[in-house]
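Q: First residue of the sequence shown? That's 172 in the working numbering, and the numbers climb one at a time after it. Built from N, CA and C at the ideal position, the CB exists for glycine as well.
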Amino acid sequence: MPEHQREAATAKQPGRAEDPHIRELRILNAIAEALNSSPDVQQALERTLGLVADLLGLRTGWVWLRDAETGQFYNAAARNLPPYLQAPVRMTGHQCWCIEEFNEGALTPKNIDVLECSRLRPAVQRQATDLTHGLAYHASVPLYFQDKPLGILNVTGPSWRRLTDEELHLLSTIAYQVGIAIERARLADESAQLARAEERARLAREIHDTLAQGLTAIALHLEGALHHLTAQPERARQRLQRALLTTRESLEDARRSVLDLRASPLTGKPLLTAVRALSRKFTSETGIRVRVRGEATRPLPMRVEAELYRIAQEALVNVRRHAEATDVEIVLQQTPRRVRLSVRDKGHGFDPRAVSAERHGLVGMRERAKLLGGTLRVTSRRRPPSGTTVVATVPVAERER
Ligand SMILES: Nc1ncnc2c1ncn2[C@@H]1O[C@H](COP(=O)(O)OP(=O)(O)OP(=O)(O)O)[C@@H](O)[C@H]1O
Ligand SMILES: [Mg+2]
């Protein structure tokens, strides 16, 4: 007896001692376990197909899943395919009767159909049983999550027989569980992708606010040095020295970020102290006066301090690059539930609605505030010039304080 027939025969004879209902429950339980425990959808589906074989004696099976983006079907798992279907070209997602029925909505969880298999048909017509192993029909069990179509589970056996209502009911119970498992795997995938995207956005901000800023400052110093090179070599030398200093600091920044991407830019100082230090450095480099006001309040959560510091830093870089201002005022205020940082310059202002999509500074500041559950408001006007005010307001939860 060929192996596939022998296995089917044993599968049809349940262990004599076991009550069939208990056996059903045991197998259903094993299916639930397989679907729950395996992180890999293909493995879980293959194991499920194996258990369906144990339960109903339908030892061949395969699963089509619909790619949610393209609508294309792909073979997500298969078990004991007859040689004819093992040729990879026959199991690609091209149209076939069960996929057509599914797409037309003719297969529903309550309406499991037994179909002639259009993929096997040419070999069945040639009576090539060595290639078909006697298979010609399959039961097609649609897979849904709620009313979202996910795919089809096909099962079959060599000595095809009508499935009883009870068996069909069992198959729809299994399909229901499979649907949940597939959706869960998809959600896990999606959330991993989201986490990766968030991480990329965070790295982009980090690079913009550290390395890119450093390089901008270095370029400005070098430009200044070039400008003064012949007429005022001493000034040129000073600018070169500053460029060197900024290069070293940026390198230090980059090293810190590489060593620990979460490294706090405050290097252990409280926010207000760190902002004061940042402002002093800013004034010494640009000649723009900065007045910092604020109460030395309770320490804030590290993340809040780090993000607000970066916001202040980028706001200052923008003042230096765009505002042509002579004075800046930074205010840090804390209420029991909120912390508010504002950076105000008296420069020439701009139209916040007309910022090009290629600019990243304001977007990054807004994202930083949003990550903390807060907001960022930019007020600026070009005519009459009213300067620019950037205000980040961030909630501080009771337990975080
Ligand atoms: N304080 C300011 N004064 C005047 N204009 C400003 C000020 N801040 C921002 N802007 C304007 O808003 C635009 C967007 O700022 P944003 O920080 O997003 O980009 P950027 O500084 O031009 O480039 P980068 O992406 O390197 O930060 C700037 O190009 C500038 O025109
Ligand atoms: Mg900027």
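1. Go ahead and pull the three-state DSSP assignment for A179.
2. Apart from the five residues on each side of it in sequence, which residues of its chain come closer than 6 Å, Cβ to Cβ, to R261?
3. Per DSSP, what are the beta-bridge partners of K319 in this structure?
4. Alpha carbon to alpha carbon, how far is H531 from E478?
5. Can you have a look at M536 and say buried or exposed, based on whether 16 or more other CB atoms are within 10 angstroms of its CB?
6. Please classify N246: does DSSP put it in a helix, a strand, or coil?
7. Measuring only the C-alpha atoms, how far is P556 from T564?
8. Please list, following the chain, all residues that have a C-beta closer than 5 Å to any non-hydrogen atom of ligand 2.
9. Thinking C-beta only, is R194 closer than 7 Å to L220?
10. Got a sec: does ligand 1 put a non-hydrogen atom nearer than 6 Å to the Cβ of F453?
11. When burial is assigned at 16 or more other CB atoms within 10 Å of the CB, is H392 buried or exposed?
12. Rounded to whole angstroms, how far is the Cβ of V475 from the Cβ of L543, which I believe are closer than 8 Å?
13. For P523, name the three-state secondary structure that DSSP assigns.
14. Please classify D190: does DSSP put it in a helix, a strand, or coil?
15. At the level of alpha carbons, what is the spacing between T231 and F273?
16. Do L365 and A425 have their CB atoms nearer than 7 Å?
17. Quick check on the DSSP output: the alpha helix (DSSP H) that includes L341 runs from which residue to which?
18. Quick check on R570: does DSSP put it in helix, strand or coil?
19. I'd like to confirm something about A540: is its beta-carbon nearer than 6 Å to some heavy atom of ligand 1, or not?
20. Would you tell me roughly how many angstroms separate the C-alpha atoms of P329 and E240, rounded to the nearest one?
21. Please classify R333 as buried or exposed, where buried requires at least 16 neighbouring CB atoms within 10 angstroms.
22. Less than 7 Å between C-beta atoms, sequence neighbours within five positions excluded: which residues of the same chain meet that for L196?
23. Determine the burial state of A414: buried for a count of at least 16 other Cβ atoms within 10 Å of its Cβ, exposed for fewer.
24. For the stretch 275-288 and the stretch 302-322, state whether three or more C-beta atom pairs, one from each stretch, are separated by less than 8 Å.
25. Any idea if G186 is buried or exposed, counting beta-carbon neighbours within 10 angstroms, 16 or more meaning buried?
26. When DSSP labels each residue in this structure, what does G535 get in the three-state scheme?
27. Which residue's Cα is closest to the Cα of G350: M473, P253, L236 and R292?
28. Let me know if N325 comes out buried or exposed under the rule of 16 or more other beta-carbons within 10 Å of its beta-carbon.
29. Which two residues bound the contiguous beta strand (DSSP E) that contains E287?
30. My understanding is that A215 touches A352, with C-beta atoms under 8 Å, so please give their C-beta distance in whole angstroms.
31. Could you check if P436 is buried or exposed, using at least 16 other CB atoms within 10 Å of its CB as the buried criterion?
32. Short check: CB of R464 to CB of D380, under 7 Å?
33. Applying the 10 Å Cβ sphere with the 16-neighbour rule, what's the burial state of H265?
34. Mind checking whether A525 and Q348 have CB atoms under 7 Å apart?
A: Reading from the atomic positions:
1. For A179, the predicted structure reports a pLDDT of 38, less than 50, and the residue's modelled location is therefore unreliable. The matter cannot be settled from this model.
2. Here the set comprises R290.
3. F316
4. Their Cα atoms are separated by approximately 15 Å.
5. Burial state of M536 is buried, judged by a 10 Å Cβ sphere holding 16 or more other Cβ atoms.
6. Strand at N246.
7. C-alpha separation (whole angstroms): 25 Å.
8. N489 and G532
9. no
10. no
11. buried
12. 6 Å
13. In the three-state reduction of the DSSP assignment, P523 falls in the helix class.
14. coil
15. 20 Å
16. no
17. D336 to I378 is the extent of the alpha helix (DSSP H) around L341.
18. At R570, the pLDDT of 47 sits below 50, so the modelled position is not reliable; the number obtained from the coordinates is stated separately. In the structure shown, R570 sits in a helix (DSSP, three-state: H, G or I).
19. Not so, every heavy atom of ligand 1 lies at least 6 Å from the Cβ.
20. 35 Å
21. exposed
22. Shown here for L196: not one same chain residue has a beta carbon closer than 7 Å to its own, the five before and five after excluded.
23. buried
24. yes
25. With a pLDDT of 47 at G186, under the threshold of 50, the predicted position of this residue should be treated as unreliable, and no value is reported.
26. Helix, per DSSP.
27. L236
28. buried
29. D284 to E287
30. 6 Å
31. buried
32. no
33. Exposed, since its Cβ has fewer than 16 Cβ neighbours within 10 Å.
34. no
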